[in-house]
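Student: Shown below is the structure under consideration.
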Amino acid sequence: MQDMLKGLLLPLRDRSAEYLESELEIQTKIQGVSSKIFTNPTSIKNSSLLATTGSIEVYVAMGYDGTLFEEIVKIFLQGDEVEGEELIEIKESISCELINIIVGNAIKNPIDNTSLNITPPLYIDEMSSVFKDKNSKILTTNIETIYGNIYIAITHPFKKSF
């Protein structure tokens, strides 16, 4: 399972770095992959989560240091002045759109090389914890920029038994 997760996480990491550099013109430094939970999850803001469905079921979470996300929002707004509730909605939309673009373009089904079905993303203001059961594996990676880091985590869903 860990090899499959790593095989999905690496393209996510690489596509994220490529997107930051080519689309947003933010220079990056790619980090390795580890199987641990984020060390300071309360600093990871404006996060989003989605799942893949079908033959490969995984959860993918992406979050940003505050300064990096503010820079991304500024780039998306292209100089427009937005405040209050509208700015909050735009930030949520940007976070969800980024994970949607990156996951949708980065990973293929390793079983048959087809596209994976993905759920609509959920916005999470502050990633205070990543839930997993004792049998789950979470792989994480981060990408450094001059504005802060982007964090990516992938895990397989746990099965509840009633």
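Just so we're aligned: the sequence shown equals residues 1 to 162 in the working numbering. Note that the Cβ used here is the ideal one computed from N, Cα and C, for glycine as well. Owing to the predicted nature of the structure, the values given are computational and were not obtained by experimental measurement.
By the DSSP assignment, the alpha helix (DSSP H) with residue 6 in it spans what residues?
Tutor: Unbroken alpha helix (DSSP H) run through residue 6: 2-22.
Student: Shortest alpha-carbon distance to residue 45 belongs to which of 60, 82, 67, 58?
Tutor: The option with the nearest alpha carbon to residue 45 is 67.
Student: So does the region 138-153 actually touch the region 62-81, counting three or more Cβ pairs closer than 8 angstroms?
Tutor: Verdict: yes, contact present.
Student: Work out the CA separation of residue 117 and residue 109 for me, nearest whole Å.
Tutor: The alpha-carbon atoms of residue 109 and residue 117 are separated by roughly 9 angstroms.
Student: Report the three-state DSSP secondary structure of residue 138 (helix, strand or coil).
Tutor: Strand.
Student: Relative to the alpha-carbon of residue 55, which residue among 112, 143, 19, 18 has its alpha-carbon at the smallest distance?
Tutor: Residue 112 is the option with its Cα nearest to residue 55.
Student: Let's test the definition: count the other Cβ atoms within 10 Å of the Cβ of residue 114 and tell me whether it reaches 16, buried, or not, exposed.
Tutor: Under this definition residue 114 is an exposed residue.
Student: Could you check the C-alpha separation between residue 37 and residue 47 for me, to the nearest Å?
Tutor: The pLDDT assigned to residue 37 is 49, lower than 50, so where the model puts this residue is not dependable; a value taken from the coordinates is nonetheless given after this. Each residue's alpha carbon lies about 15 angstroms from the other.
Student: For residue 50, which residues does DSSP report across the bridge?
Tutor: Answer by DSSP bridge pairing, in chain order: 60.
Student: Just mark residue 93 as buried or exposed, buried being the case when its beta carbon has 16 or more other beta carbons within 10 Å.
Tutor: It counts as exposed.
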